[in-house]
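This report refers to the structure that appears directly beneath it.
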Amino acid sequence: MPAIAAYPLTVYFDATCALCTAEMNAMKARDAAARLDLVDCSPAGFDAGPAPREALMTAIHAVDAAGQLFVGVPAIRACRDAVGLPSGSLLLDLALVAPLADRAYAVLARNRYRLPRWLVALLAGKAARSSRTCAGGNCRI
3 MPAIAAYPLT
13 VYFDATCALC
23 TAEMNAMKAR
33 DAAARLDLVD
43 CSPAGFDAGP
53 APREALMTAI
63 HAVDAAGQLF
73 VGVPAIRACR
83 DAVGLPSGSL
93 LLDLALVAPL
103 ADRAYAVLAR
113 NRYRLPRWLV
123 ALLAGKAARS
133 SRTCAGGNCR
143 I
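Be aware that the sequence shown starts at 3, since it is given in the numbering used here, and climbs by one per residue.
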């Protein structure tokens, strides 16, 4: 069973990535309960996260109020749960699907800078065209 996050959830993401930024903007826009605290880990010297900057730039990381760490697909699931979006937990927890989801995420994360704008728009929808600044101070996109 996937772990349940305690809020607030601090999310470390790469704000230089168009897809990452679009997804986090979409999450923050739905965050009526203020459960997410978004932190851009992309600046060169960033060292305030739960892992070295290199690891944070390789995969999305989230830390909940209890200190529980989520990385990759589990971090995305925790973010989606926090804002009331379906997390896909039942499907993603199937024995055959979970490893495929992890691999697909790793491939997407590794190639995120190579994605053409039209694909980012398709994957992230309307959020991909947004460049608003997140409320809360930590998210400057």
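Cβ coordinates follow ideal geometry from the N, Cα and C atoms, glycine included.
Would you kindly work out how many angstroms separate the C-alpha atoms of asparagine 27 and leucine 102, rounded to a whole number?
26 Å
Would you grab the beta carbon distance between cysteine 43 and methionine 59 for me? Rounded to a whole angstrom, and I think it's under 8 Å.
7 Å
By Cβ distance below 6 Å, which residues in the same chain neighbour alanine 7 in space, the five residues on each side in sequence not counted?
Asp66, Ala80
Residue closest to aspartate 83, alpha-carbon to alpha-carbon, out of Gly47, Ala126, Asp33, Trp120:
Asp33
DSSP state of alanine 31 mapped onto helix, strand, coil
helix
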